[in-house]
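Structure record follows, encoded as structure tokens.
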Amino acid sequence: MDIRKLRFRVSGGFAGVIRGTEVDGSALDAGERRALLAHAHDGSARDSHARDAQVYAFEMDTSDGPVRIEFDDNTLPEDLAALVDRLSAASGPIKGK
Numbered sequence: 180m181d182i183r184k185l186r187f188r189v190s191g192g193f194a195g196v197i198r199g200t201e202v203d204g205s206a207l208d209a210g211e212r213r214a215l216l217a218h219a220h221d222g223s224a225r226d227s228h229a230r231d232a233q234v235y236a237f238e239m240d241t242s243d244g245p246v247r248i249e250f251d252d253n254t255l256p257e258d259l260a261a262l263v264d265r266l267s268a269a270s271g272p273i274k275g276k
């Protein structure tokens, strides 16, 4: 499976603001692609339903169709932490979502 496009969304927290960004799959390095696909494949997306936690959603357009995985502050895998930091820094407000 190949990632063609990645949409990243951050929501929740105290303010409840939704921020996000979109990147081409080619902007991801091999380790980032491998980690995203591994978590998508094993269904390891988790949400602890923690109050006021940030929620990180990854929506991928792949060669096999759309895939979505979601984590929060308490369940974010270590191998995705650097990617979340990078994408969060590039994120802007999302209106109407």
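In the working numbering, the protein residues as written are 180 to 276. Backbone N, C-alpha and C define an ideal beta-carbon position, used for all residues, glycine too. As the structure is a prediction and not an experimental result, all values here were calculated from the model.
task = Count the other C-beta atoms from every protein chain shown that fall within 10 angstroms of the C-beta of R213, then say buried if there are 16 or more, exposed otherwise.
result = exposed
inquiry  = Let me check one thing: in DSSP terms, what residues is I248 bridge-paired to?
reply    = F237
message = Please return the same chain residues whose Cβ sits closer than 7 Å to the Cβ of A232, not counting the five positions on each side in sequence.
response = Within the same chain, Cβ atoms closer than 7 Å to the Cβ of A232 are found at G191, D251, D252, N253, the five residues on either side in sequence being excluded.
request  = Tell me where the alpha helix (DSSP H) around V263 begins and ends.
outcome  = 257 to 269
ask   = Nearest-angstrom Cα distance between R265 and V246?
value = 20 Å
request  = Pick out whichever of G244, D243, F237 has its Cα sitting closest to the Cα of L255.
outcome  = F237
query = Roughly how far, in whole angstroms, is the beta-carbon of I273 from the beta-carbon of G195, given that I think they are within contact range, below 8 Å?
reply = Rounded, the Cβ-Cβ distance is 12 Å, inconsistent with contact.
inquiry  = Looking only at its chain, what residues have a beta carbon closer than 7 Å to the beta carbon of V203, apart from the 5 residues adjacent to it on each side?
reply    = Reading off the sequence shown, one finds Asp at residue 203, where the question assumed Val. Same-chain partners within the cutoff: K184.
query = In terms of residues, what are the limits of the alpha helix (DSSP H) holding D221?
reply = Per DSSP, D221 belongs to the alpha helix (DSSP H) from 209 to 221.
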